[in-house]
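Residue numbers (this note's numbering), protein chains in the order written: chain P, 201 to 540; chain W, 201 to 540. Notes follow the structure.
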């Protein structure tokens, strides 16, 4: 099969790789209908995460079940399925509490490299969710989004307790931040402030339900949020970047007693204990347990209630996926889709 | 009046001070029935917080209303009242959300020094809660505890979402940690693990409802909590110390999706973002909004359902309050009471 492999920062190649095989009775093999490039892939592409050896890339996937291990019962050959970047048994105490990305048996699905034609998914019964039937092609981008960025933005909004009567602010205008806007809107938030200085992203934020746009950043961004909220700060703030600056912007934009939901993968972040203490904010986040939300998200997409696939503003062939990385790195594209 | 003043680390003196007076129409003057020494007073006594000038000490108080400003309506002269260390209007959006210690009009009551015979309490209507009648002398220590350490331990337990079906661990065996055990028990926790290596504190923890005692600390303490919880960690962990070590012990003792309630005043604490991210814990805490809980706590004490006053294992005269500091500093006493 063909698949993307990173060799060094900036050097992503599509090459012939060995087809994955069933390794455990709980595995499934998926023939991908689409894959895509994640903002977190850019940490490797930019050399911020070290690349020690050629490494298969990608952890977002939708596709048709091609083969299942003998223990697999919940999905069958021919199903169109969506799964998350962490495989989970969906039965342990941690999964049942809704934290499948911390499942006691979790495995990183991306280890096999989802930017490829085929993918082995461990713990298929607890990881994959089938759509009601094979979806129309136009729905593929939205299901693709559900595999990670929609579920991640959704978790951010849930962790920030976005809901009726709440003013929600979103720090970060990447795909996750934009879909956190959509999630906040679906969860019934009264007011949604998107923090963005890019015209195309502002436009999408407004389409997804943002009521206000704030272009300022850092301390000025915080001051602007305070100004819009009677000096108190937002009830709910979603952090979707993962830097020290964005975390502090999120925490300082939140009112006392409010909630920060942080889903940007934290890089070199250190939270000052005394400021946290006196801030009175609730802090929750981490790798989104997308599996928890998949049944609901799949239904919303199937019913055409939401169209998260709009975050894909670039489509490339698998052979040209490096261009997808490049465009996202240069912020020419929000998110790059590959149909297979 | 007589009142305690700190001059330098280790140097607390009781001296003649000017009687407080009504300064604003919303003030009340209280004649204290009791006061006490707080664990947080020790930060000054130990020289960890700098002492720049002679400073009146104490922020915990119960007593009889002696005088009220013309706007005060909720308490009257002769009432026995309990209040918290921060005065609050109890009407702003932040107060109504239950965060009176972040009230937009908050004032530190302790600025006047509650280790004294008289105290001015600002925003009396939003700060003070009267008991149903003048309490018996034997109830005074418990009402005294409600002013801070009980309310703080209670907030820690609420922030950690202690409740039915939950395994709760408590880091810190000072008065706050011990009363967090009591709070967890009252909130219906199934199992309560007190982390303590002091026999007298272990005994009180068991009286307050602890089901298990863990004597190990740091990584060994975390390993022991994991061992007691099927390798997962506790659902709810209350942090009642405020150091880097105790915060990390609390976070690492909590299962994915679990809750850390932190009420130890953070000193030189820095939380590693990446570890927080992957921990999947909820983090909430800060200066306890004791006012939120006072009506309920006063009733529980009045009805003799709880006896938080047991944390006072030393009683000294106001003139000898320095001995209370000394005994707590050396951990000879859990908490020192002064009756007036």
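We treat Cβ as the ideally placed atom computed from N, Cα and C, and that holds for glycine.
- By a beta-carbon distance limit of 8 Å, residue 536(W) contacts residue 237(W). Their separation comes to about 5 Å.
- Nearest neighbour of residue 353(P) by Cα position, chosen from 380(P), 529(P), 534(P) and 208(P), turns out to be 380(P).
- In the structure shown, residue 478(P) adopts helical secondary structure according to DSSP, grouped into three states.
- C-alpha of residue 526(P) to C-alpha of residue 433(P): approximately 36 Å in a straight line.
- Residue 256(W) is a Cβ neighbour of residue 205(W), given a cutoff of 7 Å.
- In this structure, 441(W) is the residue among 504(W), 441(W) and 289(W) with its C-alpha nearest to the C-alpha of residue 460(W).
- Within the same chain, 325 come within 6 Å of residue 274(P) by CB-CB distance, once the 5 residues on both sides are set aside.
- DSSP links residue 261(W) through a beta bridge to 283(W).
- DSSP places residue 271(P) outside both helix and strand once states are collapsed to three, so it counts as coil.
- Straight across, the Cα-Cα distance linking residue 221(W) with residue 300(P) is about 59 Å.
- Annotation: Cβ neighbours of residue 294(W) in chain P (cutoff 9 Å, chain order): 432, 455, 456, 457 and 480.
- Between residue 297(W) and chain P, the shortest Cβ-Cβ separation is below 7 Å.
- Beta-bridge partners assigned by DSSP to residue 395(P): 371(P) and 414(P).
- Counting the other CB atoms within 10 Å of its CB gives residue 207(P) a total below 16, which places it among the exposed residues.
- Every unbroken stretch of the beta strand (DSSP E) spanning 3 or more residues and falling wholly within the region 276 to 362 of chain P is given here in chain order: 280 to 282 and 318 to 321.
- Taking the Cα positions, residue 509(W) is about 14 Å away from residue 233(W).
- Straight-line spacing of the CA atoms in residue 498(P) and residue 506(P) works out to 10 Å.
- Residue 438(P) sits away from residue 414(P), with the two beta carbons spaced by 7 Å or more.
- For residue 266(W), the secondary structure class from DSSP, reduced to helix, strand or coil, is strand.
- In its chain, beyond the 5 residues on either side, 386 and 506 have a beta carbon closer than 8 Å to the beta carbon of residue 500(P).
- For the 7 Å CB-CB criterion, residue 343(W) and residue 488(W) do not form a contact.
- No Cβ of chain P is located within less than 7 Å of the beta carbon of residue 365(W).
- Counted as a single uninterrupted DSSP element, the alpha helix (DSSP H) harbouring residue 242(P) occupies residues 241 to 245.
- Within chain P, no C-beta atom comes less than 7 Å from the C-beta of residue 284(W); the nearest is roughly 14 Å away.
- Boundaries of the alpha helix (DSSP H) around residue 493(W): 490 to 502.
- Contact check for residue 473(W) against residue 368(P) fails: the beta carbons are separated by 7 Å or more.
- Here residue 384(P) is not near residue 405(P), since their CB atoms are 7 Å or more apart.
- In its chain, beyond the 5 residues on either side, 289 have a beta carbon closer than 6 Å to the beta carbon of residue 305(W).
- Against chain P, the CB of residue 466(W) has a partner CB under 7 Å away; the residue lies at that interface.
- Close partners of residue 358(P) in chain W (Cβ separation under 8 Å) are lacking, with about 12 Å as the shortest Cβ gap.
- Residue 521(P) sits in a helix when the DSSP states are folded into three classes.
- In the structure shown, the three-state DSSP call for residue 512(P) is strand.
- DSSP, read as helix, strand or coil, puts residue 211(P) in strand.
- Here residue 436(W) is bridged, per DSSP, to 368(W) and 459(W).
- Here DSSP, grouped into helix, strand and coil, assigns residue 453(W) to coil.
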